[in-house]
Every structure is written in C-alpha cells, then in structure tokens.
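Structure record follows, encoded as structure tokens.
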Ligand SMILES: C[S@@+](CC[C@H](N)C(=O)[O-])C[C@H]1O[C@@H](n2cnc3c(N)ncnc32)[C@H](O)[C@@H]1O
C-alpha cells in the first residue's frame with residue numbers, strides 16, 4: 014500500500030485517502046498518528062520530516078497499521094494503549110478499550126472515597142485496571158482488589174499497576190464476580206458487560222469485531238452481571254459501604270430494581286458528558 018521510498022508527507026496523504034474512502038471519520042488525524050508510530054517522525058510538522066523517505070521497514074509497518082485500521086481495528090488497539098483518567102493503559106486482546114463514559118463511574122466513586130485515610134476498594138470486572146487504577150491514583154491511602162474472569166486482562170492490569178507505581182496497593186485475582194471472596198470492602202465498583210447478547214453483533218465494527226465479547230455481552234437482557242454483582246455484594250461489603258456501577262443507556266430502572274431486590278437503595282445517579290445516566294450509586298443494608 015505504501016511503497017518504500019515514499020516521502021512521509023505523501024505516505025500520510027495515501028493513508029488518509031484510504032481511511033477516508035473506507036468511511037473512517039478521523040481519517041486525517043489517524044493517518045498522522047499511524048505514520049508517526051510507524052516511523053517515529055511526525056508527518057504534519059513542517060520541514061525536513063515530511064520530505065524524508067520511508068525505508069522498507071517503516072513502509073511495511075505503516076502499511077500494516079493502515080490495513081489493520083481499514084479492517085476497523087481501533088487505533089488504541091493497534092497502538093496497544095488507551096488513555097483513561099490521565100493514565101496510559103497497556104491493552105491486550107482481552108481488554109476493553111477504556112471509554113470516556115466510564116469517567117462518570119470514577120467521578121461517582123471518588124465522591125464516596127475520603128481524600129485521605131484508608132479505604133478498601135473492590136473492582137469487579139477490572140479489565141486492564143481502568144477504574145481501580147484511576148481511583149488509586151487519586152486516593153493515595155486506598156488499596157484495591159481487581160477481579161476479572163479473564164487471566165489475560167489481569168496480566169495487562171498488573172502491568173499497568175506497575176507502570177503507574179500502584180502495584181503495592183493493587184492486587185488482582187481471577188474469579189467470577191464475588192465468588193469465593195471473604196474479605197470486606199468499603200466500596201465496590203463495577204463496569205460489567207451490559208449489552209444485550211442479540212445487540213452485540215449490531216455494534217460498530219470497531220466494537221463488535223475487536224472488543225472482547227466477554228467485556229460486552231450481558232446476557233439476554235444485558236442485566237446478567239448486575240444480578241450476580243448485587244447478589245454477592247452484601248457478603249463482601251462493610252457496614253455503611255456503597256456499590257457504584259456503570260450502566261448502559263436506559264438501564265437505570267432495571268438495575269435499581271435488581272439492586273433493591275438484593276437489599277440496596279439507590280442513592281445517586283451520575284450522567285456522562287453527553288447527559289446520559291451512566292453511573293448509579295447504591296447504599297447497603
Ligand atoms: C465492560 S468491561 C470493563 C473493563 C474495565 N473495568 C473498564 O471499565 O473499562 C467488563 C469486564 O468484566 C469482565 N468479566 C466478564 N464476565 C465476568 C465475570 N463473570 N466475572 C468477573 N469479570 C467478568 C470482562 O472480562 C471485562 O474485563
């Protein structure tokens with residue numbers, strides 16, 4: 014696609030044209046980013062960089078990256094990192110790419126955590142550490158346990174905790190929601206899979222083809238994980254503790270009903286930047 018010997022400026026134009034033809038919205042900025050990653054030089058900077066030519070390795074690397082994007086792989090997955098709450102998080106194939114929407118859950122949880130002093134946090138479905146590491150980065154005396162069914166996602170979470178200097182306060186373990194947990198926590202956070210199973214294939218190809226199904230599929234009505242989380246939460250929550258969960262669009266009444274049946278009371282609803290109710294906070298029995 015991009016032959017060796019092509020100038021960086023021309024390579025950027027070829028990549029942007031191909032991405033735009035494929036209907037990719039941010040074609041120009043993504044082409045710039047991929048070319049910079051492939052070559053280590055920024056094709057948009059005026060001067061010598063744009064005129065410099067790609068050697069064989071750079072041309073092969075750029076062509077591969079553009080082909081992956083044309084197959085609708087998100088840039089974060091091609092790069093292997095996603096940014097969330099000021100942290101660059103390494104991602105592998107088992108990790109959901111962090112979403113800005115999840116900042117609503119982090120904001121709700123931070124309001125529940127004292128600025129100073131110890132607090133024990135349990136993150137159910139921790140993935141690459143997205144929510145737990147954001148919280149620990151803001152609360153220097155808090156500690157946390159992150160649970161995920163995916164051992165591969167936990168590998169990324171452990172790497173990310175080390176990278177960000179949080180490994181001494183974060184423990185990760187493979188498991189199914191609260192099963193087998195005995196310890197007590199002040200706050201449970203969870204961004205569980207909440208897409209109804211039949212809708213998963215209808216999502217944008219970047220999501221349907223490239224995000225792990227385990228991170229998306231919430232069962233027939235999208236609510237299976239909430240049933241499991243709230244059923245187990247009472248056993249592991251300290252008296253006075255809270256549960257904060259992310260929800261999908263329109264799920265607030267159903268999730269509140271599930272939580273209520275398990276003895277939890279809805280205390281707060283937090284919307285995302287688009288004004289969509291995105292995080293619910295519950296108090297325990
Ligand atoms: C929507 S992703 C959230 C990832 C991350 N916490 C975030 O906010 O971006 C849901 C996570 O739940 C995990 N998961 C799915 N089923 C699970 C189960 N039965 N027990 C524990 N974790 C599970 C998935 O592997 C995935 O990492």
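Residue numbers (my numbering): 14 to 298.
Using N, Cα and C, we set each Cβ at its ideal position, and we do this for glycine too.
Just so it is clear, the structure is predicted and the values come from calculations on it, not from any experiment.
Asked	Found
Residue span of the beta strand (DSSP E) that contains residue 284, given as start and end	278 to 284
Where residue 55 falls: helix, strand or coil (DSSP)	coil
Residue ranges of each alpha helix (DSSP H) within the region 145 to 189, 4 or longer	164 to 176
Span separating the alpha-carbon of residue 207 from that of residue 177	28 Å
Per-residue DSSP class, three states only, for residue 65	coil
Check: residue 171 C-beta below 8 Å from any heavy atom of ligand 1	no
Sequence-distant residues of the same chain with beta carbon closer than 8 Å to residue 47, five excluded per side	28, 75, 78, 79, 82, 88 and 91
heavy atom of ligand 1 below 8 Å from residue 204 C-beta	yes
Minimum C-alpha distance to residue 106 - residue among 228, 271, 18 and 273	228
Sufficient close CB pairs (3 or more, under 8 Å) joining the region 148 to 156 to the region 164 to 171	no
Validate contact between the region 249 to 259 and the region 196 to 214 using beta carbons, cut 8 Å, 3 pairs	yes
Continuous alpha helix (DSSP H) assignments of at least 4 residues falling wholly in the region 90 to 132	116 to 125
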